[in-house]
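Residue numbers for the sequence shown follow my numbering, so the first one is 1 and each next one is one higher. Since the structure comes first, as C-alpha cells, the remarks are kept for the end.
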Amino acid sequence: MAAIPAYRAVSVLLPRSSRLMSFPVTRTTSPKQRPHDDDLRFGRTFSDHMFIMNYDEGQGWHDPRIVPYAPFTFDPACCVLHYAQSVFDGLKAFRGADGAVRIFRPSRHAERLNQSCEKLCIPQLDPALIEESIAALVQVDQDWVPGKAGTSLYIRPTVIASETFLGVHPSHSYIYFVILSPVGAYYAEGLNPVKILATDTHVRAVQGGLGAAKTAGNYAASLQAARDAQAEGYTQVLWLDGVHREYLDEVGTMNIMLRIGNEVITPPLSSGTILAGVTRDSVLTLMREWGMTVNERPISIHEVMAAAERGDLAEMWGTGTAAVISPIGELGYRGQKIIINRGKIGDLTQKLYDTIIGIQYGTLADTHGWTRIVVKEPASAAA
Numbered sequence: 001m002a003a004i005p006a007y008r009a010v011s012v013l014l015p016r017s018s019r020l021m022s023f024p025v026t027r028t029t030s031p032k033q034r035p036h037d038d039d040l041r042f043g044r045t046f047s048d049h050m051f052i053m054n055y056d057e058g059q060g061w062h063d064p065r066i067v068p069y070a071p072f073t074f075d076p077a078c079c080v081l082h083y084a085q086s087v088f089d090g091l092k093a094f095r096g097a098d099g100a101v102r103i104f105r106p107s108r109h110a111e112r113l114n115q116s117c118e119k120l121c122i123p124q125l126d127p128a129l130i131e132e133s134i135a136a137l138v139q140v141d142q143d144w145v146p147g148k149a150g151t152s153l154y155i156r157p158t159v160i161a162s163e164t165f166l167g168v169h170p171s172h173s174y175i176y177f178v179i180l181s182p183v184g185a186y187y188a189e190g191l192n193p194v195k196i197l198a199t200d201t202h203v204r205a206v207q208g209g210l211g212a213a214k215t216a217g218n219y220a221a222s223l224q225a226a227r228d229a230q231a232e233g234y235t236q237v238l239w240l241d242g243v244h245r246e247y248l249d250e251v252g253t254m255n256i257m258l259r260i261g262n263e264v265i266t267p268p269l270s271s272g273t274i275l276a277g278v279t280r281d282s283v284l285t286l287m288r289e290w291g292m293t294v295n296e297r298p299i300s301i302h303e304v305m306a307a308a309e310r311g312d313l314a315e316m317w318g319t320g321t322a323a324v325i326s327p328i329g330e331l332g333y334r335g336q337k338i339i340i341n342r343g344k345i346g347d348l349t350q351k352l353y354d355t356i357i358g359i360q361y362g363t364l365a366d367t368h369g370w371t372r373i374v375v376k377e378p379a380s381a382a383a
C-alpha cells in the first residue's frame, strides 16, 4: 500500500448552483519556485499541491484531501507496477486576459475517466467529485496558472491500483490523485504543421481491446513505433486499424481529421479502438454548427493517398487536449510522401484553432457552456 501524506482539516469550499463540496487542505510549508512563462516545457514542472483520495472494499472511495505535492512510496509487489491497472485523463485550465481561470470541459473529462475505469475493472468515482476535486486543486494552486498566450495549466487526474500482491486479478484498493503542471506548447513546432508517418507494421489497438480507454499500457505500446517514426524525421505515428492495417484510427496523442473536397472526415468511435477525444467532440460540434459536411466514417489510407494524388486532400489535422489543434503538413506511407496544403496551415484548421483557443481563454463567447470559471481574478488582485 502506498504511503499517503497526513492532512489537517482546513477546507476549500467551491460554491456552485448544483452542488457544494469541501475538502481538507494541508498547505505546503516549502512553496516551489514557479518557472517563467517563457521557460515552460510540457509536463516537466509540477505545482505545490495535489489531490488524493483512497478506495478500499467496504469503505468505497474515502478521505478526499489536498496535500503538498510529494512522492508516493510503493511496495515492490504493488500490483500497478506489474499489471498496469491504471487510468488517467488530461485537461487544461487557462488564464484569460480578464484574469479569470477557466477549465475546459471538466465534466466531460470526468465522464471519460469513469469510462476508462470501467474498462480496467476499477471502481468508478462520483463524476461530480472528480470535477470538484479538479476545481478545488486549481483554486488552491491558482498562482501556477501561467498567463502568457499559448500557455496553460495541464491537469492530470489518475487512478492506480495500490494493493500489494502478485497475480492477475483486479486490485481491492486504489488511489485517485490529481496533479497540475504549467505548460507551454506540446510540440516544439507550436502551431506549425507537423509530419506524420502511417504505419502498417505496428498496431495500437484492436476491436475488443483497450483502444477507447486512456490507460497507461496503450502509451507504452506506442513507444517503439513513435521512436521509429522520429528516426525517419516524423513527429507522430498515424495508426491504422489492427485487422486490415488499412483504415485510419488516430495519430499518436491525437484524433485525426481531414478535409477532402467539401467533406470533413474523421474515423468513427464505433470500432472501440479510438479514444473519444473531448477536443474532437468540440471540433465536430463547431463544424456542424457552421453548416459543414462532416462524416464520422471509416477511411482507408489508400483513399487518403488517392485524394492527395487527385489534389482533393485540402487539409489534415489532429485534435487533442495537449496540442489542441495540430495541422499536418506531410504524410508518409510505405516510402511515399505527400505534402498537404503546400505544407501550410489550412483555413479551416486555423479557424478551428482560433475558435477553440478563444473559448478556452475567454476571448470568444462560450455558447456551449464548455468552460468553468474557478477563479474570477488572481489571488494577488483580490488581496
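Beta carbons are placed, not taken as given, at the ideal position from N, Cα and C, and that holds for glycine.
| Item | Value |
| --- | --- |
| Going by DSSP in three states, residue 127 sits in which element: helix, strand or coil? | helix |
| Using only the alpha-carbon positions, how far apart do residue 178 and residue 311 sit? | 46 Å |
| Using CA atoms only, rank isn't needed, just tell me which of 313, 94, 335, 361 is closest to residue 135. | 94 |
| Compare the C-alpha of residue 368 against each of 69, 220, 104 and name the closest. | 104 |
| Would you kindly work out how many angstroms separate the C-alpha atoms of residue 171 and residue 47, rounded to a whole number? | 29 Å |
| Is DSSP giving residue 80 helix, strand or coil here? | helix |
| Helix or strand or just coil, what does DSSP make of residue 142? | helix |
| Which residue or residues does DSSP assign as beta-bridge partners of residue 290? | Answer is none; residue 290 lacks a bridge partner. |
| Just list the alpha helix (DSSP H) runs in the stretch 187-223, keeping only unbroken ones of 4 residues or longer that don't cross its boundaries, in chain order. | 216-220 |
| Over the uninterrupted alpha helix (DSSP H) stretch that includes residue 353, give me the two end residues. | 347-361 |
| When the Cα atoms are used, what is the spatial distance from residue 340 to residue 319? | 17 Å |
| DSSP puts residue 68 in a beta bridge; with which residues? | 49 |
| Under a Cβ-count criterion, where at least 16 other Cβ atoms within 10 Å of its own Cβ denotes burial, should residue 49 be classed as buried or exposed? | buried |
| Would residue 159 pass as a contact of residue 174 if the rule is Cβ separation under 8 Å? | yes |
| Look at the alpha carbon of residue 182 and the alpha carbon of residue 83, and state the distance between them as a whole number of angstroms. | 30 Å |
| Since residue 153 and residue 214 are thought to touch, with beta carbons under 8 Å apart, how far apart are those beta carbons, to the nearest angstrom? | Not quite, the Cβ-Cβ distance comes to about 19 Å (not below 8 Å), so this is no contact. |
| When the Cα atoms are used, what is the spatial distance from residue 385 to residue 110? | As displayed, the chain neither begins before 1 nor continues past 383, which places residue 385 out of reach and without an answer. |
| Tell whether a beta-carbon distance below 8 Å holds between residue 349 and residue 317. | yes |
| For the 8 Å Cβ check, are there 3 or more pairs between the stretch 219-232 and the stretch 258-278? | no |
| With a 10 Å radius around its C-beta and 16 neighbouring C-beta atoms as the bar for buried, classify residue 374 as buried or exposed. | buried |
| Whose C-alpha, out of 122, 133, 80, is nearest the C-alpha of residue 106? | 133 |
| If you drop the 5 nearest sequence neighbours on each side, which residues of the same chain put their C-beta closer than 6 Å to that of residue 238? | 196, 198, 251 |
| Under DSSP, the alpha helix (DSSP H) around residue 310 begins and ends at which residues? | 301-310 |
| Quick check on the DSSP output: the alpha helix (DSSP H) that includes residue 113 runs from which residue to which? | 106-119 |
| Which whole-angstrom value describes the C-beta separation of residue 352 and residue 248, a residue pair presumed to lie in contact below a C-beta threshold of 8 Å? | 18 Å between Cβ atoms; not a contact. |
| Helix, strand or coil: which one does DSSP assign to residue 134? | helix |
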